[in-house]
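K.L.:
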Amino acid sequence: MNLRGTRRRLPVAVDLTPMIDVVFLLLIFFMVSTTFNVAASLKLDLPRSHTRAAEQPPKQLVISIDARGRLFVQREPVADQDLKRRILNVTRGSKSLPVVLRADADARHKRVVFVMDVLQQLGLTRVGIATVPTEQE
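Numbering (the numbering used here), first residue to last: 47 to 183.
#1: Helix, strand or coil: which one does DSSP assign to SER95?
#2: According to the Cβ coordinates, are VAL145 and GLN106 closer than 8 angstroms?
#3: So who's on the other strand from LEU147, going by DSSP bridges?
#4: Which residues bound the alpha helix (DSSP H) around PHE70?
#5: Taking only the alpha-carbon atoms, compute the straight-line gap between LEU117 and ILE133 and give it to the nearest angstrom.
#6: Determine the closest residue to PRO93 out of SER79, ARG131 and ILE111, with distance taken between C-alpha atoms.
#7: Measure the C-alpha to C-alpha separation of ALA125 and THR171 and round it to an integer number of angstroms.
#8: For LEU129, report the span of its alpha helix (DSSP H) as first-last.
#9: Pull up the CB-CB distance for LEU147 and VAL178, whole angstroms please, since I reckon it's below 8 angstroms.
#10: How long is the line joining the alpha carbons of PRO57 and PHE75, rounded to whole angstroms?
#11: Going by CA-CA distance only, name the one from VAL164, SER140 and GLY115 that's closest to ASP128.
#12: Spatial neighbours of ALA151 within its chain, please: CB distance less than 7 angstroms, with the 5 preceding and 5 following residues excluded, ordered by chain position.
#13: Under a Cβ-count criterion, where at least 16 other Cβ atoms within 10 Å of its own Cβ denotes burial, should ALA149 be classed as buried or exposed?
#14: Use the C-beta contact count for ASP59: other C-beta atoms within 10 angstroms, 16 or more gives buried, fewer gives exposed.
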């Protein structure tokens, strides 16, 4: 004798469609509202070298010279007459700060010598010249 009756249980199912819709809407919202920063870079054709690159110290002064002879300190353009002042602002008077000189392969040698003279006048002696390794055959 069955006193409880014969009830059938319906299978329980959770509809996930609305939750998936909300997740996709949030994903689209964040993708559209995110801003991407494009790093500004200088197009330089560096000279080739057979030696390996030295490890970069965490803090260094980078001076770039493009093919047209324009000067850049820490990727910001600088006029010839402002070069000393800009270097002093970056180094804060520290003479031990390493300097990396990035000159385009087509840059005039006169411009490189000018920058090296300014560095010598300021007492910055730890100067390296950036190169690109040549392909070994």
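Beta carbons: idealized from backbone N, C-alpha and C, even for Gly.
P.N.:
Short version:
#1: strand
#2: yes
#3: ILE109 and ILE175
#4: 63–79
#5: 12 angstroms
#6: ILE111
#7: 22 angstroms
#8: 129–137
#9: Not quite, the Cβ-Cβ distance comes to about 14 angstroms (not below 8 angstroms), so this is no contact.
#10: 36 angstroms
#11: VAL164
#12: ASP91, LEU92 and PRO93
#13: buried
#14: Note that residue 59 is Ala in the sequence shown here, rather than Asp. Its Cβ having fewer than 16 others within 10 Å, ALA59 is exposed.
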